[in-house]
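**Student:** Let me begin by handing over the structure; questions about it come next.
Protein chains in written order, with the numbering used here: chain A, 2 to 478; chain B, 2 to 478.
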């Protein structure tokens with residue numbers, strides 16, 4: 002074990018940890034302080050032992066802290082690191098180099114210990130067994146287990162397959178460690194313990210029954226230390242799913258001759274009547290943040306682009322605290338010319354969503370399972386060809402189920418949720434399109450139906466309890 | 002010719018045209034007024050003639066204005082429109098339906114006329130010849146040529162190959178028109194004539210020599226009527242190239258295990274010291290618009306994402322009028338962990354730019370040629386493996402060429418431009434990386450070189466006279 006202090010470093014972990022002292026709860030601080038004192042005691046004991054042993058450890062080169070100049074772009078060694086998620090049984094017997102965060106330490110004896118290394122959603126068990134044949138000393142075992150959680154380690158070792166399936170790691174192989182180096186030490190006490198942050202509600206409930214007491218990481222702590230909370234497998238998976246949704250959105254629409262655009266966000270007036278707008282000064286002139294790319298998408302269609310989409314931030318200064326209101330979100334917007342009928346738009350929306358659902362099911366199984374472990378959910382039910390109901394049909398379903406609804410009025414959230422449940426029961430889908438809304442409940446620019454001006458060429462898309470509002474904007478080419 | 006007024010419509014063209022009267026120049030207005038008077042005269046003449054002929058035209062069903070209810074999503078006919086850009090010699094003899102904007106009318110006689118239809122970057126010549134065999138009357142010829150420019154037309158006809166190559170259209174086939182319907186009439190006089198807006202500087206110079214007088218569409222007119230100016234082939238191509246740059250950026254980085262993120266744009270403080278920031282009120286608290294996704298990209302790396310990119314708006318309240326300053330632009334940002342050496346980042350940047358250059362050359366020839374016609378440019382010179390020069394080597398090249406430069410100071414724009422010229426002459430590339438900058442001219446967080454703290458682990462990327470600033474941010478995993 003090195004007696005050096007952790008190397009001077011600009012790592013964000015350290016900066017955040019400095020901040021943490023000021024804000025984490027007193028109770029937690031006390032607990033952490035006791036832990037730290039214990040760790041210091043262990044370290045001190047180690048130090049004495051080490052100073053005696055150091056001289057005689059012939060394998061001292063196989064472990065230790067990497068000096069700062071080594072991480073200052075000194076050499077290009079040509080070594081290659083394998084991803085933790087790529088470690089599988091095919092690699093059995095081969096020597097690998099991995100870099101990851103130390104998620105857990107399980108010392109077994111002076112001669113043996115386990116270290117769990119994590120990289121994104123994947124974890125692997127590293128086994129240290131003191132053995133002169135393998136260049137592994139008891140000092141090396143002690144060094145590895147004395148490090149703080151979330152420290153960054155380089156581990157070299159041989160891939161082996163354990164006799165029993167591993168429950169605590171995602172990868173079903175182990176690394177028989179030959180070398181271990183610490184690239185960057187985390188401070189001993191972090192404001193969030195990742196194992197705590199990754200537990201599901203069911204695990205907490207089970208623990209309560211058995212009398213076990215686990216720390217809950219609350220939302221404010223998660224947000225205050227976002228870069229640590231982001232490391233939970235579920236968060237890693239959520240961001241990857243978001244990325245894949247955007248990818249498929251772009252890919253599907255591109256295949257239908259849409260082109261991607263980026264419209265201005267700093268504009269001279271509000272984008273939508275009624276909705277609250279963020280105002281600011283632009284070189285001495287009043288300006289607004291765009292509440293929608295609507296106008297610019299329409300100008301693009303008038304400008305001859307035929308079909309456009311945009312993925313970008315949308316700003317709404319709404320003082321509402323519901324799951325349907327956000328002051329800033331990423332909008333996935335599309336606009337297209339219509340040749341004859343607004344069902345051309347419905348068809349694109351239908352194909353787009355179904356393509357995204359399939360893409361996630363086919364390509365993001367690992368991500369979906371990872372999220373499911375912490376936040377259980379049922380797979381979305383959808384049909385190959387999306388169900389389309391008229392507004393009148395929807396009203397009738399609600400009436401038949403005993404809900405009194407004004408047939409030409411708007412659906413409130415409660416009615417929408419109920420309709421969602423009725424549709425799921427009757428048609429076995431949680432994704433459907435409701436069309437031909439009453440004209441009176443849609444924006445002024447909505448095209449009336451040719452056969453009945455009380456109704457309009459418009460539709461909404463429902464997915465579980467949430468829904469998207471997709472107006473039919475009456476333009477042709 | 003129909004005596005009906007143009008159908009009531011919410012088309013953006015009309016709304017813009019209404020606005021135009023208030024802002025276009027007096028001179029232009031006078032000119033346009035004369036044109037309009039002439040058009041009205043012609044129309045009146047036509048009307049008289051038509052009222053006599055209408056009764057006896059057995060082919061009246063083959064042309065006319067489409068009534069408004071027809072474009073109100075009345076029917077799904079199952080017809081399919083072919084893209085103008087897809088019309089080629091393989092289609093000879095087949096019957097096609099196309100929809101496009103009427104860009105030019107060339108009446109030849111009472112019995113014959115040409116109409117050029119445009120869709121995005123593509124134009125095609127439609128030929129009308131009065132013939133009872135083909136259901137084309139002289140009235141139909143007159144109807145087609147009496148429409149205003151930029152009206153939206155549906156044309157049905159037979160594809161034929163002309164004897165002489167066509168100079169005025171992109172497509173090398175003609176349409177022998179059988180039916181022509183106007184979906185939406187543009188107002189008679191638009192503030193921008195597209196043929197004027199699409200001319201190159203060279204064409205204007207040539208015209209000046211021959212004494213011809215062409216109208217120049219100036220920048221303010223273009224911006225005031227952006228949705229019309231967007232229709233020029235060059236603008237159509239520029240937006241498509243932008244889209245392809247973003248596509249390749251995403252595709253290349255995704256293939257290198259980057260994931261796309263979207264970071265907040267409404268933040269509580271300025272992103273970068275020094276740079277001017279847009280300020281606003283966020284629910285009673287002061288807030289800023291993000292000048293860079295820098296901090297959030299770094300938090301993502303600390304959060305375990307390994308490699309991330311972001312495509313999104315960047316806001317800088319800079320009161321500078323240079324081609325290097327914009328108050329709002331779309332940033333293509335990337336951030337990655339480094340295993341050993343910041344050259345790992347250089348390699349990604351190198352591969353990324355070369356991949357984009359190749360992608361555009363291989364997939365956007367039509368777009369590049371279209372831009373080149375209006376704004377001539379030389380193809381970019383670049384190497385398969387990007388040239389990397391140290392800052393010291395760059396300084397030496399400038400010195401050898403007689404430019405006195407402070408070796409540890411920053412390069413000004415003039416010096417950068419000169420260096421770009423010298424590198425092009427010596428190495429035959431306009432794309433190169435300059436690295437190992439003096440530490441003193443880089444931001445405080447730049448990592449010093451391990452062997453000389455006067456220099457830093459940083460680099461800039463130069464492409465022609467413009468350049469990108471890509472600091473090496475000293476983090477490892």
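Just so you know, even glycine gets a beta-carbon here, dropped at the ideal spot from N, CA and C.
None of these values were measured; they are calculated from a predicted model.
Helix, strand or coil: which one does DSSP assign to residue 234 of chain A?
**Tutor:** Walking along the first chain from the start, residue 234 of chain A turns up at place 233. The three-state secondary structure of residue 234 of chain A, taken from DSSP, is helix.
**Student:** Between which two residues does the beta strand (DSSP E) harbouring residue 124 of chain A extend?
**Tutor:** As a first step, residue 124 of chain A is located in the first chain; it is residue number 123 there, counting from the start. Residues 123 to 130.
**Student:** Got a sec? Which residues, its chain only, sit under 8 angstroms from residue 111 of chain B by beta carbon, not counting five neighbours each side?
**Tutor:** Working through the second chain from its first residue, we reach residue 111 of chain B at position 110. The beta carbon of residue 111 of chain B sits closer than 8 angstroms to the beta carbons of 131, 139, 142 and 143 from its chain, once the five residues preceding and following it are set aside; these are given in chain order.
**Student:** Measure from the alpha carbon of residue 221 of chain A to the alpha carbon of each residue in A/346, A/119 and A/193, then state which is nearest.
**Tutor:** Locating residue 221 of chain A in the first chain gives position 220, counting from the first residue. Of A/346, A/119 and A/193, the smallest CA-CA separation from residue 221 of chain A is found for A/193.
**Student:** Report the start-end ranges of each alpha helix (DSSP H) in the region 269 to 324 of chain A that is 4 residues or longer and not cut off at the edges.
**Tutor:** Secondary structure within the region 269 to 324 of chain A: the alpha helix (DSSP H) runs of 4 or more consecutive residues, fully enclosed, are 295 to 303 (chain order).
**Student:** Buried or exposed: which applies to residue 90 of chain B, given that a residue is buried once 16 or more other Cβ atoms fall within 10 Å of its Cβ?
**Tutor:** To locate residue 90 of chain B, count along the second chain from 1; it is residue 89. Residue 90 of chain B is exposed by the Cβ-count criterion.
**Student:** Determine, using beta carbons only, whether residue 369 of chain A comes closer than 9 angstroms to chain B.
**Tutor:** The count along the first chain starts at 1 and reaches residue 369 of chain A at position 368. It does not; no Cβ of chain B falls within 9 angstroms.
**Student:** Bridge partners of residue 261 of chain A, per DSSP?
**Tutor:** As a position in the first chain, residue 261 of chain A is number 260, starting the count at 1. DSSP, once it has assigned bridges, lists A/310 as partnering residue 261 of chain A.
**Student:** Of all the residues that make up the region 64 to 83 of chain B, which are near chain A by a beta-carbon distance shorter than 7 angstroms?
**Tutor:** 70, 72, 73, 74, 75, 76, 77, 78 and 82
**Student:** Just confirm the distance between the C-beta atoms of residue 279 of chain B and residue 316 of chain B, as a whole number of angstroms; I'd bet it's less than 8 angstroms.
**Tutor:** Within the second chain, numbered from 1, the residue matching residue 279 of chain B stands at position 278. Within the second chain, numbered from 1, the residue matching residue 316 of chain B stands at position 315. Indeed they touch by this definition, with Cβ atoms about 5 angstroms apart.
**Student:** If you draw a straight line from the C-alpha of residue 441 of chain A to the C-alpha of residue 393 of chain A, how long is it?
**Tutor:** For the purposes of this step, residue 441 of chain A is taken as residue 440 along the first chain, with counting starting at 1. For the purposes of this step, residue 393 of chain A is taken as residue 392 along the first chain, with counting starting at 1. If you take the alpha carbons of residue 441 of chain A and residue 393 of chain A, they lie about 14 angstroms apart.
**Student:** Name, please, each residue of chain A whose Cβ falls closer than 7 angstroms to the Cβ of residue 326 of chain B.
**Tutor:** As a working mapping, residue 326 of chain B is identified with position 325 in the second chain. Per Cβ cutoff of 7 angstroms: no residues; residue 326 of chain B is ~12 angstroms from chain A at best.
**Student:** Quick check on the burial criterion: 16 or more other C-beta atoms within 10 angstroms. Buried or exposed for residue 455 of chain B?
**Tutor:** The residue labelled residue 455 of chain B in the question sits at position 454 within the second chain. With a 10 Å radius around the Cβ and a threshold of 16 neighbouring Cβ atoms, residue 455 of chain B comes out exposed.
**Student:** Under 7 angstroms Cβ-Cβ, which residues of chain A neighbour residue 343 of chain B?
**Tutor:** Residue mapping note: residue 343 of chain B aligns to position 342 of the second chain, counting from 1. Those within 7 angstroms of residue 343 of chain B in chain A are 74.
**Student:** Using Cβ-Cβ distances below 9 angstroms, what residues of the region 445 to 459 of chain B are close to chain A?
**Tutor:** 446, 448, 449, 450, 451, 452 and 458
**Student:** In terms of residue numbering, what span does the alpha helix (DSSP H) encompassing residue 347 of chain A cover?
**Tutor:** The count along the first chain starts at 1 and reaches residue 347 of chain A at position 346. That run of the alpha helix (DSSP H) goes 344 to 364.
**Student:** Locate the beta strand (DSSP E) running through residue 391 of chain A, then write down its first and last residues.
**Tutor:** One-based indexing of the first chain puts residue 391 of chain A at position 390. 388 to 391 is the extent of the beta strand (DSSP E) around residue 391 of chain A.
**Student:** Please state whether the Cβ-Cβ distance between residue 137 of chain A and residue 126 of chain A is less than 9 angstroms.
**Tutor:** Locating residue 137 of chain A in the first chain gives position 136, where the first residue counts as 1. Locating residue 126 of chain A in the first chain gives position 125, where the first residue counts as 1. No.
**Student:** Of all Cβ atoms in chain A, is any one closer than 9 angstroms to the Cβ of residue 314 of chain B?
**Tutor:** Position 313 of the second chain, counting from 1, holds the residue named residue 314 of chain B. Interface residue (Cβ-Cβ distance to chain A less than 9 angstroms): residue 314 of chain B is classified as such.
**Student:** Give me the subset of the region 277 to 290 of chain A whose CB atoms are less than 9 angstroms from a CB atom of chain B, sorted by chain position.
**Tutor:** 279, 280, 281, 282, 283, 284, 288 and 290
**Student:** Hey, does residue 256 of chain A have any beta-carbon neighbour from chain C nearer than 9 angstroms?
**Tutor:** Absent here is chain C; the protein component of the structure consists of chains A and B.
**Student:** Using the Cα positions of residue 404 of chain B and residue 397 of chain B, report the straight-line distance between them to the nearest angstrom.
**Tutor:** What you label residue 404 of chain B is simply residue 403 of the second chain in a count that begins at 1. What you label residue 397 of chain B is simply residue 396 of the second chain in a count that begins at 1. Residue 404 of chain B and residue 397 of chain B: Cα-Cα distance of roughly 9 angstroms.
**Student:** Return the bridge partner residues of residue 183 of chain B from the DSSP annotation.
**Tutor:** Within the second chain, residue 183 of chain B is the residue found at index 182, counting from 1. BP columns for residue 183 of chain B point to B/66 and B/154.
**Student:** Please list, in chain order, all residues of the same chain as residue 237 of chain B whose beta carbon is under 6 angstroms from its beta carbon, the five residues on each side excluded.
**Tutor:** Taking the second chain and counting its residues from 1, one reaches residue 237 of chain B at position 236. When the five nearest sequence neighbours on each side are left out, the beta carbons in the same chain lying within less than 6 angstroms of the beta carbon of residue 237 of chain B are those of 121 and 122, in order along the chain.
**Student:** Rounded to the nearest angstrom, what separates residue 385 of chain A and residue 207 of chain A at their Cα positions?
**Tutor:** Within the first chain, the letter at position 384 stands for residue 385 of chain A. Within the first chain, the letter at position 206 stands for residue 207 of chain A. As the crow flies, the alpha-carbon of residue 385 of chain A is around 39 angstroms from that of residue 207 of chain A.
**Student:** Using a Cβ-Cβ distance under 9 angstroms, would residue 217 of chain B count as near chain A?
**Tutor:** Taking the second chain and counting its residues from 1, the one referred to as residue 217 of chain B is at position 216. Cβ-Cβ to chain A under 9 angstroms: no for residue 217 of chain B.
**Student:** Just to confirm, are residue 343 of chain A and residue 458 of chain A a CB contact at a threshold of 9 angstroms?
**Tutor:** Along the first chain, one-based indexing puts residue 343 of chain A at 342. Along the first chain, one-based indexing puts residue 458 of chain A at 457. Yes, they are a contact pair.
**Student:** Which bits of chain A does residue 320 of chain B rub up against, with CB to CB less than 9 angstroms?
**Tutor:** Here residue 320 of chain B refers to the residue found at position 319 of the second chain. Neighbours of residue 320 of chain B on chain A, chain order: 284.
**Student:** Determine the closest residue to residue 341 of chain B out of B/163, B/448, B/160 and B/82, with distance taken between C-alpha atoms.
**Tutor:** As a first step, residue 341 of chain B must be located in the second chain, where it is residue number 340. Residue 341 of chain B has its Cα closest to that of B/448, out of B/163, B/448, B/160 and B/82.
**Student:** Within 10 angstroms of the Cβ of residue 294 of chain A, are there 16 or more other Cβ atoms? Answer buried if so, exposed if not.
**Tutor:** For the purposes of this step, residue 294 of chain A is taken as the residue at position 293 of the first chain. Residue 294 of chain A is buried by the Cβ-count criterion.
**Student:** If you compare alpha carbons, which of A/270, A/430, A/302 and A/156 is closest to residue 287 of chain A?
**Tutor:** Mapped onto the first chain, residue 287 of chain A falls at position 286. Checked all of A/270, A/430, A/302 and A/156; the closest Cα to residue 287 of chain A is A/270.
**Student:** Classify residue 1 of chain B as buried or exposed, calling it buried when 16 or more other Cβ atoms lie within 10 Å of its own Cβ.
**Tutor:** The question about residue 1 of chain B has no answer, for chain B in this structure spans 2 to 478.
**Student:** Give the DSSP-derived three-state secondary structure of residue 375 of chain A in the structure shown.
**Tutor:** Reading the first chain from its first residue, position 374 is the one you call residue 375 of chain A. The answer is helix: DSSP assigns residue 375 of chain A an H, G or I state.
**Student:** By the 10 Å Cβ neighbour count, where 16 or more other Cβ atoms means buried, how is residue 49 of chain A classified, buried or exposed?
**Tutor:** As a position in the first chain, residue 49 of chain A is number 48, starting the count at 1. Low local confidence applies: a pLDDT of 46 at residue 49 of chain A is under 50, so the model's placement there is unreliable, with the coordinate-based value given in what follows. Residue burial annotation: residue 49 of chain A is exposed, with fewer than 16 other C-beta atoms found within 10 angstroms of its C-beta.
**Student:** Which residues bound the alpha helix (DSSP H) around residue 421 of chain A?
**Tutor:** As a working note, residue 421 of chain A is residue 420 in the first chain. Taken as a continuous stretch (DSSP letters only), the alpha helix (DSSP H) holding residue 421 of chain A covers 414 to 428.
**Student:** On the DSSP letters alone, give me the boundaries of the alpha helix (DSSP H) that residue 96 of chain A sits inside.
**Tutor:** Mapped onto the first chain, residue 96 of chain A falls at position 95. No alpha helix (DSSP H) holds residue 96 of chain A; the beta strand (DSSP E) holding it covers 96 to 110.
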